[in-house]
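**Q**
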Amino acid sequence: MSVGSRARWSTERVIGLAPDAASARAGRAQAAPVRWSGAGASPVAVWGYCQGSGKKPYQTCVELDGPAFRCSCPSRKFPCKHALGLLLRWAGGELPEEGEPEWVTAWLAERAERADRAEQHKETTGPRDPEAAAKRAERRADRVTAGSAELREWLLDQVRAGLAGLERGGAEELRRVAARMVDAQAPGLAGGLRRAAGLVGRGRDWPSRVLSELSLLYLLAEAGSRLDELPHALAETVRTRLGFNTETARVLASGERVSDHWLVGGVLDEEREQLITRRSWLFGERTGRVALVLAFAPPGQPLSSVLPAGHVIPAELAFHPSALPLRALVAEHGSPVPASRPDGDTIPIALAAHAKALAADPWLDRWPVLLSGLRPARHGGELVMSDVDGQVLPLVTGFDPWRLLAVSAGAMVTLAGEWGPAGLRPLLCWDGDRAVRL
Amino acid sequence: MTAWADLVGVALLGTRRRAPDLGALPLAVRELAGARTEPADALLTAGALLTAYRRAGWVPESAAEPLPVAETDKRPYLPDAARERLARLLTASRPELLAEWLGVVAEKGLRVPPERLPALAEAARAKPVLRGPVALIAGPAGRWLAGLNPEWRFLTAASPEPGTDAWRFGSPAQRRSWLAVALVADPDGARAAFTASWDSEPAEVRATVLELLGEHLRAEDEPFLEAALGDRAASVRQQASALLARVPGSALGRRMAERLRPLIRVDGDVLEVEVPDGDTRWLRQVVAATPPEFWAEFGSPAELVRMAVSGAPASVLREGWTVVAVRHRDTRWAKALFDADPGRADAGTLIQVLSPPERAKVLARLIRQARPEAVARLVVDLPAPWPPEVGTVLLDWLAGREDTRAVAHAAVTIARTVPPQCLGHPLATTAPEPGSAPWRRALAETLNFRREMYEELA
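Listed in order, the protein sequences are those of chains A and B. Counting in UniProt numbering, the first sequence runs from 1 upward without gaps. Counting in UniProt numbering, the second sequence runs from 1 upward without gaps.
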């Protein structure tokens, strides 16, 4: 998969592997050289013995390609703090280059063998019963169509009676309907209803925001009930928004392939319903394409870490089929290197790109932007980012601005972030030529 | 946009009561939504279109007021390894190590990565001991941030300015450092500054003033100290009395000497003491307040300490002399007292009277002669900063020690207090044997951490 991970990683990249902040903290504490003995690194792995609180030191080893971790400690975090501490020492150039000791070679061989077996297994088995699978898909499509029609009628009833009625008990009602949409196997519709439920009665302009949310859902439900009539790419977009998964194999086999050096402009983890979703926004240096790579894991489990924020990685992406090709998979990739400061867009150019994206996918709620020449400013009592002409981009509520402010100190900065109806969420900025995660 | 507001209004009211006015919609939206004849259908369709229309056509407002721009920071950045060290320090809850690191960074004139300033400011907000050190490295960006966040105001008053502003408005640490400098540079101005605000200062500040004044006592300070004998706070009264005894040629000292003289006689090797009413507490106080010169006519400190004492417990005299030695920084007395009893309980206060090499010598002897508990107790009381000689003696001691609780306790202090010159010691350059006691591992870790920290910044 990888072209080679020989170059030492940056410490930021190592810290990016930590499953949570507590792990990052614990990992840093393990980076003290006196805790380690017999530590070393080869082009494929790093390893060492870490003295924990017990008598016997832990055996820790990381295969850099992947990466994959192994440690004899009982931690259920992945990677554990010992693996992080070891990688931090390696990133700091503290580990001698040498050949792998036997226990490491044995583990690497074992892993390689397992991977081979899995590969063979996949080749020999294939889809178990294509006929049954097709039947299942057909049944689901029918349920989604029925669910869409039901939601459409329900929304029409709400608007006939007036949304003002939602203020009393409306949120529960919306969540109840959301549960019905889960039953109808349309999680996208359920998610939109739950978002609307969260908006009801919140703030003076809640009717405006609830109407936006519900009318877009109406549009989606309507499109969902006549998927066959839509142009192919748009139908794919609607299917995705409704919550149909596109199989990885299909994306890899037939998705549009784009090779480029991709700037990882922001990585953001969000936990919802016992699942962490990691969004990685990519900006293609040569093609000017943007991409969103998603990864999912339960809390405490490793998330894909091939895309470290603030790095540039040569990679071939495979895009999901869509009217707005944005979501992608990493098909092949090389080694990431720290990203120096790129030339970003101006506010008008970024907004024009957003408008064009919305024309293809009106349900788009986040769009990646890479902006140059922004400085912190005040507008109507709020902290905003503004360009040299004084044009204003509001910041999303809940964004902690202090790191960005400290880097800027009032001067122009280049930043990458998400833009959406709620405002700008900066994710990365540059201090000189050094990328800083926000 | 009024068309949108109309749409929201109708949606709230319900299309049964009022139909949406599609005529007010932008042409593109009207064309698409107009085909829907059922009012609710038309409203939701128009709503979806108009939402996308508004999002896509969003125009930024203008006329933002930019924040001021901070001065350019010309300091060079930290080396990369030190940058990671800072990240570790910020997560390690070891404020003493962080303060030490910040001190070195400030001394070298280096710049920390700006994105760390908020975390540093927050750490200093929670732990006031860090405020001075963080203010020293804050630089223009830090001061600029403090202008935006009043909770970080302590970042702005970093440079000890001349004039008394630092005294009048500074943080406790700034006031302290101002006074320490001013007592040397402008003794009269310093005295004028603290006497002016004396009555309104809290007891800790009054104590701090006396502590610093004690380093630079002059005969003229006597009236001020006499007045402080009547202070509201007992601790301030005690300090004032201790200082009064030290004022060169002070009236208190003279009075005490006059009282003591008729009670003391030396007969050969015996020091005869008469204690009125047998009140040994009174005797101890009088001895403590009598200047050291008084004893010259009876013998040298070394001779006096070795004499047998009659008429009073010898320990009472020794305690009094110890106070004299400390108050007057009298090395002859201090040495004599140490020679007589190296494992003494008050060694920590007495040892600071000695010069650095003498301190190390006394410690080395103590280590040979006294129990580890006595050494450990002294280590904890030993005032910092330690001279390198002392640090080396103590590290050697730890290296050869068996595991005992007393030693483990002292190791914590030693690990963080030995001066950087001692960090070439084997304890600071090697990992402990596998299976060592936890305190030994912690010791090696702290020492190695500090050594690496200095190496990175060298």
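Note that beta-carbon positions come from the ideal geometry of N, C-alpha and C, so glycine has one too.
Nearest by alpha-carbon distance to Leu395 (chain A): which of A:Ser305, A:Ala406, A:Ala377, A:Ser408 is it?
**A** Along the first sequence, one-based indexing puts residue 395 (chain A) at 395. Nearest C-alpha to Leu395 (chain A): A:Ala377.
**Q** Going by DSSP, what residue range makes up the beta strand (DSSP E) through Ala315 (chain A)?
**A** On the first sequence, position 315 is the one that residue 315 (chain A) refers to. First-last of the beta strand (DSSP E) with Ala315 (chain A): 311-319.
**Q** Pull up the distance between the alpha-carbon of residue 479 (chain A) and that of Gly435 (chain B), whole angstroms please.
**A** Residue 479 (chain A) lies beyond the residue range present for chain A, which begins at 1 and ends at 438; the question has no answer from this structure.
**Q** Where Trp50 (chain B) and Gly109 (chain B) are concerned, what is the direct C-alpha to C-alpha distance, given to the nearest angstrom?
**A** Looking up residue 50 (chain B) in the second sequence gives position 50. Looking up residue 109 (chain B) in the second sequence gives position 109. Residue identity check: residue 50 (chain B) is Leu in the sequence provided, not Trp. For Leu50 (chain B) and Gly109 (chain B), the distance between alpha carbons rounds to 57 Å.
**Q** Residues of the stretch 413-426 of chain B in Cβ contact with chain A at a cutoff of 8 Å, in chain order, please.
**A** Those residues of the stretch 413-426 of chain B that come within reach of chain A (Cβ to Cβ, closer than 8 Å) do not exist; the list is empty.
**Q** Do you know how far the Cα of Val290 (chain A) is from the Cα of Glu153 (chain A)?
**A** Sequence index remark: in the first sequence, residue 153 (chain A) carries index 153 (1-based). Sequence index remark: in the first sequence, residue 290 (chain A) carries index 290 (1-based). Cα to Cα, Glu153 (chain A) sits roughly 37 Å from Val290 (chain A).
**Q** Comparing the CB of Leu395 (chain A) with every heavy atom of the ligand NAP, is any distance shorter than 7 Å?
**A** With respect to the ligand NAP, the structure shown offers nothing to examine, as it has no ligands at all.
**Q** Which chain A residues are close to Pro68 (chain B), counting only those with a beta carbon under 7 Å from its beta carbon?
**A** The count along the second sequence starts at 1 and reaches residue 68 (chain B) at position 68. Gly410, listed in chain order.
**Q** Measure the alpha-carbon distance for Phe154 (chain B) versus Pro276 (chain B) and round it to whole angstroms.
**A** Mapped onto the second sequence, residue 154 (chain B) falls at position 154. Mapped onto the second sequence, residue 276 (chain B) falls at position 276. Going by the C-alpha atoms only, they are around 56 Å apart.
**Q** Whose Cβ in chain A lies nearer than 7 Å to the Cβ of Thr15 (chain B)?
**A** On the second sequence, position 15 is the one that residue 15 (chain B) refers to. In chain order: Val159, Arg160.
**Q** In chain order, what residues of the same chain have a beta carbon less than 6 Å from the beta carbon of Met412 (chain A), not counting five sequence neighbours either side?
**A** The residue given as residue 412 (chain A) occupies position 412 in the first sequence. Excluding residues within five positions, the ones whose Cβ falls inside 6 Å are Gly373, Arg375.
**Q** Output, in sequence order along the chain, the residues in the stretch 386-404 of chain A whose CB is closer than 7 Å to any CB in chain B.
**A** The residues in question are Ser386, Asp389, Gly390, Gln391, Val392, Leu393, Trp402, Arg403.
**Q** Do we get a CB-CB distance below 8 Å when we pair His379 (chain A) with the residues of chain B?
**A** Taking the first sequence and counting its residues from 1, the one referred to as residue 379 (chain A) is at position 379. It does; some Cβ of chain B falls within 8 Å.
**Q** What distance in whole Å lies between the Cβ atoms of Ala242 (chain B) and Leu252 (chain B), which are believed to be in contact at a cut-off of 8 Å?
**A** By 1-based counting over the second sequence, the position of residue 252 (chain B) is 252. By 1-based counting over the second sequence, the position of residue 242 (chain B) is 242. With 8 Å as the limit, Leu252 (chain B) and Ala242 (chain B) do not qualify as a contact, their Cβ atoms being about 10 Å apart.
**Q** Go through its chain and collect everything with a Cβ distance to residue 511 (chain A)'s Cβ below 6 Å, but skip five positions before and after it.
**A** The question about residue 511 (chain A) has no answer, for chain A in this structure spans 1 to 438.
**Q** Using a beta-carbon distance cut-off of less than 8 Å, what residues from the stretch 9-29 of chain A approach chain B?
**A** Answer in chain order: Thr11, Ile15, Ala24, Arg25, Arg28, Ala29.
**Q** What residue range does the beta strand (DSSP E) around Ala262 (chain A) cover?
**A** In the first sequence, counting from the first residue as 1, residue 262 (chain A) sits at position 262. At residue 262 (chain A) the sequence reads Trp, which differs from the Ala that was named. Per DSSP, Trp262 (chain A) belongs to the beta strand (DSSP E) from 256-272.
**Q** Return the CA-CA distance between Ala302 (chain B) and Ser177 (chain B), expressed in angstroms with no decimal places.
**A** By one-based count along the second sequence, residue 302 (chain B) stands at place 302. By one-based count along the second sequence, residue 177 (chain B) stands at place 177. Approximately 38 Å, taken between the alpha carbons.
**Q** His328 (chain B) by DSSP, collapsed to three states: which one?
**A** If you number the second sequence from 1, residue 328 (chain B) lands on position 328. Note: His328 (chain B) maps to coil in three-state DSSP.
**Q** Would a check of beta-carbon distances place Leu7 (chain B) closer than 8 Å to chain A?
**A** In the second sequence, counting from the first residue as 1, residue 7 (chain B) sits at position 7. Closer than 8 Å: yes.
**Q** Identify, in the order they occur along the chain, each residue of the same chain with its Cβ nearer than 8 Å to the Cβ of Ile367 (chain B), setting aside the five sequence neighbours on each side.
**A** Here residue 367 (chain B) corresponds to residue number 367 of the second sequence, with the count starting at 1. Taken in chain order, the residues that qualify are Val375, Val393, Trp397.
**Q** Kindly say whether Trp101 (chain B), judged by its beta-carbon, lies nearer than 8 Å to any beta-carbon of chain A.
**A** For the purposes of this step, residue 101 (chain B) is taken as the residue at position 101 of the second sequence. No, Trp101 (chain B) lies away from the interface with chain A (no Cβ there is under 8 Å from its Cβ).
**Q** So, is Gln274 (chain A) buried or exposed, given that buried needs 16 or more other C-beta atoms within 10 angstroms?
**A** For this step, residue 274 (chain A) is matched to residue 274 along the first sequence. With fewer than 16 Cβ atoms within 10 Å of its Cβ, Gln274 (chain A) is classed as exposed.
**Q** Can you give me the start and stop residues for the beta strand (DSSP E) that Gln59 (chain A) sits inside?
**A** The sequence position of residue 59 (chain A) within the first sequence is 59, counting from 1. Taken as a continuous stretch (DSSP letters only), the beta strand (DSSP E) holding Gln59 (chain A) covers 58-63.
**Q** Need the endpoints of the beta strand (DSSP E) that Ser332 (chain A) sits in, please.
**A** Position 332 of the first sequence, counted from the start, is the residue given in the question as residue 332 (chain A). Correcting the residue type first, residue 332 (chain A) is Glu in the shown sequence and not Ser. Run containing Glu332 (chain A): 328-333, per the beta strand (DSSP E) assignment.
**Q** Is there contact between the stretch 254-263 of chain B and the stretch 216-231 of chain B, where contact requires at least three CB pairs shorter than 8 Å?
**A** Verdict: no, contact absent.
**Q** To the nearest angstrom, how far is it from the Cα of Ser2 (chain A) to the Cα of Glu316 (chain A)?
**A** The sequence position of residue 2 (chain A) within the first sequence is 2, counting from 1. The sequence position of residue 316 (chain A) within the first sequence is 316, counting from 1. Caution applies to Ser2 (chain A), whose pLDDT of 39 falls short of 50 and renders its modelled position unreliable; the value that the coordinates give is listed next. In a straight line, the C-alpha of Ser2 (chain A) is about 11 Å away from that of Glu316 (chain A).
**Q** Skipping 5 residues on each side, what residues in its chain have a beta carbon closer than 8 Å to that of Thr72 (chain B)?
**A** Taking the first residue of the second sequence as position 1, residue 72 (chain B) is located at position 72. Same-chain partners within the cutoff: Pro140.
**Q** By the DSSP assignment, the beta strand (DSSP E) with Pro394 (chain A) in it spans what residues?
**A** The residue given as residue 394 (chain A) occupies position 394 in the first sequence. 392-394 is the span of the beta strand (DSSP E), which, as asked, contains Pro394 (chain A).
**Q** Of all the CB atoms in chain A, is at least one closer than 8 Å to the CB of Pro133 (chain B)?
**A** Counting from 1 along the second sequence, the entry for residue 133 (chain B) is found at position 133. Not an interface residue.
**Q** If we define contact as Cβ-Cβ less than 8 Å, is Thr91 (chain B) a contact residue for chain A?
**A** The residue you call residue 91 (chain B) lines up with position 91 of the second sequence. Output row for Thr91 (chain B): interface = yes.
**Q** Can you name, in chain order, every residue of its own chain whose Cβ lies under 8 Å from the Cβ of Leu174 (chain A), other than the five neighbours on each side?
**A** Counting from one through the first sequence, the residue named residue 174 (chain A) turns up at place 174. Only Leu166, Leu193, Arg194, Ala196, Ala197, Val200 meet the Cβ criterion.
**Q** Chain B partners of Gln301 (chain A), CB-CB under 7 Å?
**A** Counting from one through the first sequence, the residue named residue 301 (chain A) turns up at place 301. Residues of chain B passing the Cβ test: none, with the nearest at roughly 22 Å.
**Q** By the 10 Å Cβ neighbour count, where 16 or more other Cβ atoms means buried, how is Trp58 (chain B) classified, buried or exposed?
**A** Here the question's residue 58 (chain B) lines up with position 58 in the second sequence. Its Cβ having fewer than 16 others within 10 Å, Trp58 (chain B) is exposed.
**Q** Taking only beta-carbon atoms, is Phe154 (chain B) less than 8 Å away from chain A?
**A** Within the second sequence, numbered from 1, the residue matching residue 154 (chain B) stands at position 154. By this cut-off, Phe154 (chain B) is not an interface position.
**Q** Which runs of the alpha helix (DSSP H) spanning at least 4 residues fall entirely within the stretch 110-170 of chain B, listed in chain order?
**A** Runs of the alpha helix (DSSP H) inside the stretch 110-170 of chain B: 117-126, 131-148, 165-169.
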